[in-house]
Structure formats: structure tokens, C-alpha cells
Amino acid sequence: MKMADMVSQSVKNLPSSGIRKFFDLANEIKDVISLSIGEPSFVTPWKIREEGIYSLEKGHTHYSPNSGLFQLRQEICNYMGKRFNLQYDPKMEVIVTVGGSEGIDLALRALVESGDEVIIPEPSFVAYKPLTILSRGTPVIVNLKAEDQFRLTPDLLEKAITKKTKVLILPFPNNPTGAIMTYEDVGKIVEVIKDKDIAVISDEIYAELTYEGKHVSIASFPGMKERTVVINGFSKTYAMTGWRLGYACGHPDLIGVMYKIHQYGIMCAPTTAQYAAIEALRNCDEEIRMMTEEYNRRRRLMLDGFRNAGLECFEPLGAFYVFPCIKSTGMTSNEFCEKLLIEEKVAVVPGNAFGECGEGFVRACYAASVENISEAMKRVKNFVERHKEKNACAS
Amino acid sequence: MKELLGLLEKNSRYDVEQLAVMLGKSTEEIKAAIKKLEDEKVIIGYKTLIDWEKTDRDAVTALIEVKVTPQRGEGFEKIAERISRFPEVKSCFLMSGGFDLTVIIEEKTLKEVALFVAEKLAVLDSVISTSTHFVLKKYKDYGTIFAQEEKDDREVVVL
Ligand SMILES: Cc1ncc(COP(=O)(O)O)c(C=O)c1O
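Listed in order, the protein sequences are those of chains S and V. If you read the first sequence in the working numbering, its first letter stands for residue 1, the second for the next number, and so on. If you read the second sequence in the working numbering, its first letter stands for residue 1001, the second for the next number, and so on.
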């Protein structure tokens, strides 16, 4: 028996990310300033950690209800109401998941049948496409453009819609571009889909990390709540990536089907994390505010750094990424990242890791210390200038 | 202004350019704002936080509870100011409760602390009594945890 033949061929043949080589290289080189990490630099606020510890002390070490602790679901509904003006019923319309990741997976599996098309704007988070394929759906990629500040426009969306379109994934604020959709932008998307049978998976995991203005959920538009499942979680907002906790809110008929998959595949999200999350939602508005302010300052610092280095860069207004264009250096994204890593010991991620149209860009994360950002930007500047001279000599 | 002060309170070594970029202002605006804050004595000084235990310098910190008789027309101001003038005194606060002033002093040895209390502090006219507590170990000071190792344990690449 050959195990390689035993494993599911469709899974084996899933496209894997094209930057394996870069991964390995980044792990080999010592003392790198890493701007290639998609998670907060803060540790979880102490209040939240303390509540997790306390729940362990009290012996809350068992399974929780499948859909999550009721108190937590209530707090989630309060939060959704307060922040996005969205009213959900904690009994029927919320499910607590193992990260936003599980929420995305559940939503796709609950919605998609063989042959259904799922519209995925790219560049975006790497999970949407493989999870769509695993649900036997057909990914339909929409290539977002730098000149639109990587927003999804009604034109681009309309071109992608066919009779088979079942789901639109709306990934804003966006990883890796830092793009957001304003109220007006979302409104135009609503106009395109409101008369069609298309469900929306709105990945709003970075909603709190929106600078200059507040995040608008597509679910808050008239008629959209019923057909939208909002994915959110604690990883980014509360710096809780390792706790593995997220949630999904939507129509009871959809949440009910998601619940089924979750019940059999997962049982329940980690109980300790759920107790900690109750504290996060109840008492940590101030902590979020402080972290967001801090990110905002670092965002400006990094944006200024890249522009100063001579790279074109639109102003990202969400998440914690800057997505500069590196085409002027004459290098591909992979070349740029590998050389920058080897020559300057700064790690950023090739944009093509997030979709083909990310080629010519790199993702740099400003969830890093001010000192590291400043130093890294100096090195990027040296790097870009040195290679410009080289190019000039060569031509 | 508040945000600028918050940043400087945490790290007074940010340079004007960094501050300007981070706060979305021009360097001129930041320079002017800092000058104004310094002129108005909102910013009183810039210091460095040092963990002296890691050096070979001997230092003893003591917290002294001081009871005083307030003076007519002056209240506690004059005596507090007088105590504050000693260079050994690092902090001097007026307190509510069982005593009046908290005086924090730093010296090289226990003996020097004792001498300071006996010869300088206790003998002041309006001082009624003193009670000296020695600091054995500092865990956190000025919002900074001393023993904490700042380690970034994130993976190198996370998509
Ligand atoms: C856009 C986006 N959605 C979802 C996730 C998943 O986060 P988690 O599963 O930790 O909630 C990430 C993580 O990087 C992300 O960037």
C-alpha cells in the first residue's frame, strides 16, 4: 500500500501557496526583522488572560454547549447591536467557532454544492479558495486593482456574476491590502446583488481595526441581514490568535446547518477561551481603543517609510498591513522578498501569496514595534536605492 | 496634545520626525507643541529608567512616612518644599490618611538612609514623627515591569 495513493487526490492536488521557498528561507535566517506576520504584536490584555486563568481555577474545564456559552452569545449579540446596529438572537442566529477560520469553513460548507460558484475578490486571505474547492464549489476570482485602492467595485462584481453564482465573499477590511469599503462602496455592492439569489460571507475579522471612520457591515443594509453571514472573531481585535475563538452571525436556517457541521466536526470551541472572551466583550473597549490608536501611529510610520523609500503605496485604512507596489524595482514579488530578506534581513510577504493579482506588491505588517518598523524602513530604503542604481548601470 | 504626551511619557527618545509621522502632523507643528509644553512646564523633564540592580552600584530606596504640623498660612507647602530640596529625596507627596507626607529617598547604604532621617528629616521643626520602610526589591516602577523579558514568540511568517 502506498499512502500517497491512499490520500484523497483532490485534497492532495489543492493548490498550495506559491511561496513555500520563501517560508523556508525566512525560517532559516537568524535575527530577521519580521514584518511578515499576520497577527497582533500585543499579547492578550491581562484582564482577559486573568479571566481565562480564573475559569480554570474554578474548574470550568468541560465541553461548552455546541454553539458556545449562552452568556458569550449574548455578549456577542450586544456587541453586534452596539457596534454595527445589527440585532441577532443569541439562541438561533449565532454560533461560536474555532477562530474566524472555522466560521468561513462552516459557512462555505453549509452553502455550497457541487458546481456552485463562489466569488472571491483577490488579493485576499489564503483560506477562501481552498475551502471553496473542498466544498466542491468553483472559485471565481475577481482581481482587485490598486487604482481602486483594492476595493470591490460594482463593475468588477457584475462581470463575475453568472447563473451559477451562489456566494460572494466580502473580505474587508482586507488582509493583505489593508483596503476597506466605505458605506458608499458597500451600498453599490448591495445594489448589484440585492435582486439576485446570492448569499454573502462577510469576513469582518478586522472590523475594529479601521482607521479614520468606522467599519460598515454589509449586513446592516436593508434586506441584507437575511442573506449575509458575518464572520468575526477575537484573534485580531483582542490579540487572541492563540486562543482560537471566533463567531458567525446570520439567518437561523443557515446558522442551523452550520451548527450541524460544527457539532459533528468540532463539538465546541475551547471553553477557557470562551470565558476569557466574555470579559473581552464586556470590559475591554478601552484596551481595543488603545491598541487601535497604537496601530494607527505605526500605520502612518510604515506608510511614510515605504513612500520615502520611493515605492508607490496607497493609504491602507484597515487591518494592520501596508501593500506597497514594488514594480518600479524591476523585480518580481518573490525576488524582492528573497533579496530583501538575504541582503537586509527584513521579511515581508510576496503579494502573489494572496492571489495572482498580488504580483508586483508585497505585504508588510505594522503589528511590530516602532523601533523595528523604523529600522526596517531604513533598510528598505537602502535596498531600493541600491537596486535602482544597479538597474541604472545595467541599462 | 494628549496623544503626544502619552507617547513621550512612554518613550522620550522618539525623535521629532517619528512623532510627526506617527501623529500625522508636520515636524514644525510637533517641535512647536513640544516647546510649548516645555515652556508651560507641562513637560518637566526627561529621564531614563534604570534597573540599578543589574549594575554594581549600591542603592537603597526607602519610603518614609512623615507626620508634620501644618504651618499657619502655609499649610503643608513650606515644609514639603523644604524636604523636597534635599537631593536625596526622589519623590515627595502630600497624602490623605494616617500621615501627611510620603518621602522616597535613595542612598547608597542603609546607614546613609538612617543618617539622613535622623540628621536631616526628623530634626526639622514641624516634623512630628517619621516611619521608614526599606524597599527590598522592585518588580514594577513607572509602569515598567523590571523582570519581564520582551520576547516576540510569533512565527516568522503568518499569512
Ligand atoms: C481576513 C482573515 N480572515 C480570517 C482569519 C482567521 O483568523 P482566526 O481563525 O484566527 O479567527 C484571518 C487570519 O489571518 C484573516 O486574515
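Beta carbons are placed, not taken as given, at the ideal position from N, Cα and C, and that holds for glycine. None of the values given here were measured: they were computed from a predicted structure.
May I ask whether a heavy atom of ligand 1 can be found less than 7 Å away from the beta carbon of residue i?
{"i": "S/D105", "result": "no"}
My output table needs one value for residue i: the three-state DSSP class, helix, strand or coil.
{"i": "S/H62", "result": "coil"}
{"i": "S/E122", "result": "strand"}
{"i": "S/D203", "result": "strand"}
{"i": "S/Q274", "result": "helix"}
{"i": "S/K194", "result": "coil"}
{"i": "S/K21", "result": "helix"}
{"i": "V/V1156", "result": "coil"}
{"i": "V/V1089", "result": "strand"}
{"i": "V/T1027", "result": "helix"}
{"i": "V/D1056", "result": "coil"}
{"i": "V/N1011", "result": "coil"}
{"i": "V/Q1071", "result": "strand"}
{"i": "S/R299", "result": "helix"}
{"i": "S/P130", "result": "helix"}
{"i": "V/S1129", "result": "strand"}
{"i": "S/R386", "result": "helix"}
{"i": "S/G305", "result": "helix"}
{"i": "S/P139", "result": "strand"}
{"i": "S/E293", "result": "helix"}
{"i": "S/F336", "result": "helix"}
{"i": "S/Y247", "result": "strand"}
{"i": "S/T165", "result": "strand"}
{"i": "V/F1134", "result": "strand"}
{"i": "V/E1081", "result": "helix"}
{"i": "S/P350", "result": "strand"}
{"i": "V/E1038", "result": "helix"}
{"i": "S/L170", "result": "strand"}
{"i": "V/I1105", "result": "strand"}
Going by CA-CA distance only, name the one from the options that's closest to residue i.
{"i": "V/V1042", "options": "V/L1115, V/V1157, V/L1004, V/V1016", "result": "V/L1004"}
{"i": "S/I33", "options": "S/E359, S/G355, S/F383, S/K345", "result": "S/K345"}
{"i": "S/C268", "options": "S/N283, S/D253, S/I288, S/Y247", "result": "S/Y247"}
{"i": "S/T132", "options": "S/L152, S/I278, S/D148, S/G103", "result": "S/G103"}
{"i": "V/F1076", "options": "V/T1102, V/D1051, V/F1086, V/V1060", "result": "V/T1102"}
{"i": "S/L317", "options": "S/G242, S/H215, S/R289, S/A367", "result": "S/H215"}
{"i": "S/E312", "options": "S/F361, S/G355, S/S369, S/V349", "result": "S/F361"}
{"i": "V/G1098", "options": "V/I1128, V/L1115, V/E1081", "result": "V/I1128"}
{"i": "S/R109", "options": "S/I342, S/E343, S/I161, S/V167", "result": "S/V167"}
{"i": "S/V257", "options": "S/V229, S/R244, S/L281, S/F234", "result": "S/V229"}
{"i": "V/A1020", "options": "V/K1031, V/K1010, V/S1012", "result": "V/K1031"}
{"i": "S/A273", "options": "S/S36, S/I205, S/N27, S/G68", "result": "S/G68"}
{"i": "V/E1026", "options": "S/H62, S/D304, S/E122", "result": "It should be pointed out that residue 1026 of chain V corresponds to Ser in this sequence rather than to Glu. Closest by alpha carbon: S/D304."}
{"i": "S/D203", "options": "S/I193, S/E147, S/I180, S/V43", "result": "S/I180"}
{"i": "S/I201", "options": "S/V43, S/D195, S/M224, S/V192", "result": "S/M224"}
{"i": "S/I403", "options": "S/R244, S/S220, S/G265", "result": "The shown model of chain S, from 1 to 395, leaves out residue 403 of chain S, and the question about it has no answer."}
{"i": "S/T237", "options": "S/P123, S/K194, S/E371, S/M290", "result": "S/M290"}
{"i": "S/D197", "options": "S/I342, S/V112, S/V7, S/E356", "result": "S/V112"}
{"i": "V/Y1139", "options": "V/H1133, V/I1044, V/I1034, V/Q1148", "result": "V/Q1148"}
{"i": "V/M1001", "options": "V/I1083, V/E1029, V/Q1071, V/T1144", "result": "V/E1029"}
{"i": "V/L1136", "options": "V/D1058, V/D1015, V/L1007, V/A1033", "result": "V/D1058"}
For residue i, return the contacting residues in chain S, with the cut-off set at a CB-CB distance below 7 Å.
{"i": "V/G1143", "result": "What V/G1143 touches in chain S: nothing, since even the nearest Cβ is about 13 Å away."}
Who are the neighbours of residue i on chain V, taking C-beta pairs under 9 Å?
{"i": "S/F320", "result": "Within 9 Å Cβ-Cβ: nothing; S/F320 doesn't reach chain V, min ~12 Å."}
{"i": "S/A26", "result": "V1156, V1157"}
{"i": "S/V32", "result": "V1156"}
Please list, in chain order, the chain V residues whose beta carbon lies closer than 7 Å to that of residue i.
{"i": "S/S36", "result": "V1156, V1157"}
{"i": "S/A277", "result": "Near S/A277 there are no residues of chain V at all, since even the closest Cβ is about 21 Å away, more than 7 Å."}
{"i": "S/F23", "result": "V1157"}
So which residues of chain V does residue i contact, with C-beta pairs closer than 8 Å?
{"i": "S/E39", "result": "R1154, V1158"}
{"i": "S/D304", "result": "V1021"}
{"i": "S/V349", "result": "V1157, L1159"}
{"i": "S/V126", "result": "L1159"}
{"i": "S/A353", "result": "L1159"}
For residue i, return the contacting residues in chain S, with the cut-off set at a CB-CB distance below 8 Å.
{"i": "V/M1022", "result": "R297, R298, R300, L301, V370"}
{"i": "V/Q1018", "result": "L301, V370, S374"}
Problem - Beta carbon shell of ligand 1 at less than 5 Å from a heavy atom - result: S/G38, S/G99, S/G100, S/S101, S/F125, S/N175, S/D203, S/I205, S/G233, S/S235, S/G246
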